[in-house]
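A short write-up of the structure that comes next.
Protein chains in written order, with the working numbering: chain C, 1 to 389; chain W, 1001 to 1389.
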């Protein structure tokens, strides 16, 4: 918890909630009659509304991307390294909006919300979502905020998938697409890890076919295992080695004891798993990983990504990290190749980093420089828009 | 199931069991008063007993390395690709012995066996094992079979760890150490995957602190998730992509259905997990993965592998596979570097393979050639021994 707020922090922030009453028909065919989105904003929207940046979050993210909710917070928002005054996404220049996605569990309508048809939590009956549903609900949020066109839409991992889908669905509503550590579709290995995590959750006896809330319980151990699987895949082998090596907790081997937690990495993982299990919703986890699995940018473009990107009208910034094996640099290069094939303007930065997929969240000099420089260009574009207006 | 046995098969084989009544004090300090080892043999021991090859199995392996138990078997033993007449480990030349390790669940004394102190299954009270305990029990099996010196000891993965430990503990009892897709110790990431698998098992409510057999139940879903985690890490991303791609089972997306298994890779993994859960013992899985985690070849040699290998007196053959990310080629190169540092004779073959860690079990032309050629040299050495005798 900070004694005083850092100078480059957006400071204390308060989430806001908007209710949407225009029915939203989802890709699965189900219609949500009404829903709420919770979101945070940082910085000030300029007069012609040309300096807005939308942040799309990843699997375990939410609307709290920067700053603190109270002086008692132990940590700032999840992307505080890159959002704030003078930071890459400079809140002195930009008006930043970050919503919690529909189907999430941090305040937006999702499996924990009440199903109006039953008066009970939606739970497993919450409709299946696709990335395009998030884009659609974010477009409605844009309308509600009076933002016709985003200076940039920015996201890492699953967030990057939303950014790409935005560029195809609403080509006129964004100036720049910033796609970090992402992919046009998951590999079989990615899907396999997600499926294993879902199996861990669904085989927890407290899962109760997803109706755990109705029974006042939580599938904590299943969700903890799911998070442990995820967590390992977000870090590189090297990063885990650096962080834990083969350090023993006690300094020596415990002999013959049942269930000893002996390696530091074991206790770290258990802590991560348990803490996640207390905060995240299991149905949300299943729903979001399925949306990840299903995402396939070019599916309805004859499986041809060049054809898909032909629709886009924004500039692209693509970033990858050398040790990211969940969304490897090869996946980013495929995006770049498709953009080049479609004659779209793209800047690609490959960052050397030992920190795996998590690198997109972590401080790193070259990443910071490249990201800051690119976003400075976005700000100049926005100013030009403003001058023209 | 074969209609006729292939010409290059060892044919129908019958496991044998030996009971050991000399107490065995384990590395953890516990003494096993008596224990049984089940093993198979292929080929014929020559008169001076110089042509014996010991096979050390990996995590999910057992004594059934080659041939068939009956004409109804759907598959031969786990290393049938490389053990048989005319194969790399040529049973026309070698007498091959493969035991099931102590603590396993295929017939040797382990958690499923009766604890003489209680009359109930050992379950979670089966003593913790280290790789050196397996080596010790294999040495006693060697004595019982009258094999003073193995022409070669051969193993992949965890099997390779046993081979290296043999070379240090009993330097005069082997002529060649064949170490395939192995490592001198696990990385933090390896340990993290094992720990996640153990957590999946232990959080299954049917695990009952490991006393599931006493309650006539099995922690099937936990063990299935553990196997799924393991299985993903044995395959490469590429191999999974080749095998399954993003193929859908039904050819199109099921809309809004609860718990759909839609991707081929999902149903494959579930099948693998379920089938393993019906055959393997959960306490064995925990015990064996812990032995894997603890293994550190050079721990008692001042953490200096060069110093460790200074003890060895055999020749080494080290093999790695390019896409193996569980035991990467880098880990094999570390073994080779340590051997070179210790001025030990070593042959290293790096095989290009897209099949990940599982490549050590699978047919591959260059691997077969290198393995066959090396083992032919082992056979010549054995003949020389015989001629001298």
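Think of the CB as a built atom: it goes at the ideal place given N, C-alpha and C, for glycine as much as any other residue.
Supposed contact pair residue j and residue i - C-beta distance, whole angstroms, cut 8 Å
i, j, result
"residue 278(C)", "residue 126(C)", "At roughly 21 Å, the Cβ-Cβ gap does not stay under 8 Å, so residue 278(C) and residue 126(C) are not in contact."
"residue 329(C)", "residue 350(C)", "6 Å"
"residue 345(C)", "residue 315(C)", "5 Å"
"residue 1008(W)", "residue 1086(W)", "5 Å"
"residue 1096(W)", "residue 1089(W)", "6 Å"
"residue 312(C)", "residue 158(C)", "Actually they do not touch by this definition, with Cβ atoms about 19 Å apart."
"residue 1063(W)", "residue 1015(W)", "6 Å"
"residue 1235(W)", "residue 1133(W)", "Going by Cβ atoms, the distance from residue 1235(W) to residue 1133(W) rounds to 30 Å, so no, they are not a contact pair."
"residue 1067(W)", "residue 1010(W)", "4 Å"
"residue 23(C)", "residue 32(C)", "7 Å"
"residue 1181(W)", "residue 1320(W)", "6 Å"
Buried or exposed (CB count within 10 angstroms, at least 16 for buried), residue i
i, result
"residue 304(C)", "exposed"
"residue 257(C)", "Here residue 257(C) scores only 48 on pLDDT, less than 50, and its place in the model should not be relied on; the value that follows carries that caveat. Classification for residue 257(C): exposed."
"residue 352(C)", "exposed"
"residue 1216(W)", "exposed"
"residue 1273(W)", "buried"
"residue 34(C)", "exposed"
"residue 1115(W)", "exposed"
"residue 1003(W)", "exposed"
"residue 388(C)", "exposed"
"residue 1271(W)", "exposed"
"residue 143(C)", "exposed"
"residue 1120(W)", "exposed"
"residue 1091(W)", "buried"
"residue 93(C)", "buried"
"residue 223(C)", "buried"
"residue 1156(W)", "buried"
"residue 332(C)", "buried"
"residue 145(C)", "buried"
"residue 1240(W)", "buried"
"residue 1017(W)", "exposed"
"residue 262(C)", "buried"
"residue 1029(W)", "exposed"
"residue 41(C)", "buried"
Beta strand (DSSP E) segment containing residue i, residue limits
i, result
"residue 99(C)", "95-99"
"residue 176(C)", "174-180"
"residue 147(C)", "Looking at the DSSP string, residue 147(C) is not in any beta strand (DSSP E), and its letter there is neither H nor E."
"residue 1346(W)", "1346-1351"
Start and end residues, alpha helix (DSSP H) containing residue i
i, result
"residue 1241(W)", "1237-1244"
"residue 1268(W)", "1264-1279"
"residue 55(C)", "Residue 55(C) -> not in any alpha helix (DSSP H); beta strand (DSSP E) instead, spanning 52-56."
"residue 1112(W)", "Taken as a continuous stretch (DSSP letters only), residue 1112(W) belongs to no alpha helix (DSSP H), as it is neither H nor E."
"residue 294(C)", "282-294"
"residue 1077(W)", "Unbroken run through residue 1077(W): none, as it is neither H nor E."
"residue 388(C)", "365-388"
"residue 234(C)", "220-234"
"residue 1167(W)", "1158-1169"
"residue 1193(W)", "1188-1202"
"residue 1341(W)", "1329-1341"
"residue 1127(W)", "It is not in any alpha helix (DSSP H) - residue 1127(W) carries neither H nor E in the DSSP assignment."
"residue 308(C)", "305-309"
For residue i: DSSP bridge partner residues
i, result
"residue 1016(W)", "1039(W)"
"residue 1315(W)", "1176(W)"
"residue 89(C)", "83(C)"
"residue 1068(W)", "1012(W)"
"residue 24(C)", "32(C)"
"residue 153(C)", "54(C) and 177(C)"
"residue 320(C)", "350(C)"
"residue 1185(W)", "1296(W)"
"residue 121(C)", "114(C)"
Checklist entry - Is it a yes or a no for the stretch 1159-1168 of chain W touching the stretch 1045-1061 of chain W, going by three-plus beta-carbon pairs under 8 Å? => result yes
Next on the checklist: I'd like to know if the stretch 223-232 of chain C and the stretch 1188-1200 of chain W are in contact, where contact means that at least 3 CB-CB pairs between them fall below 8 Å.
Outcome noted: yes
Checklist entry - For the stretch 206-213 of chain C against the stretch 117-136 of chain C, are there 3 or more C-beta pairs whose distance is under 8 Å? => result yes
Checklist entry - Would you say the stretch 1139-1156 of chain W touches the stretch 1041-1050 of chain W, given that touching needs at least three Cβ pairs under 8 Å? => result yes
Checklist entry - Can you find at least 3 beta carbon pairs, one from the stretch 236-246 of chain C and one from the stretch 1176-1194 of chain W, that sit closer than 8 Å? => result yes
Checklist entry - Is the stretch 366-383 of chain C touching the stretch 331-339 of chain C, taking contact as three or more C-beta pairs under 8 Å? => result no
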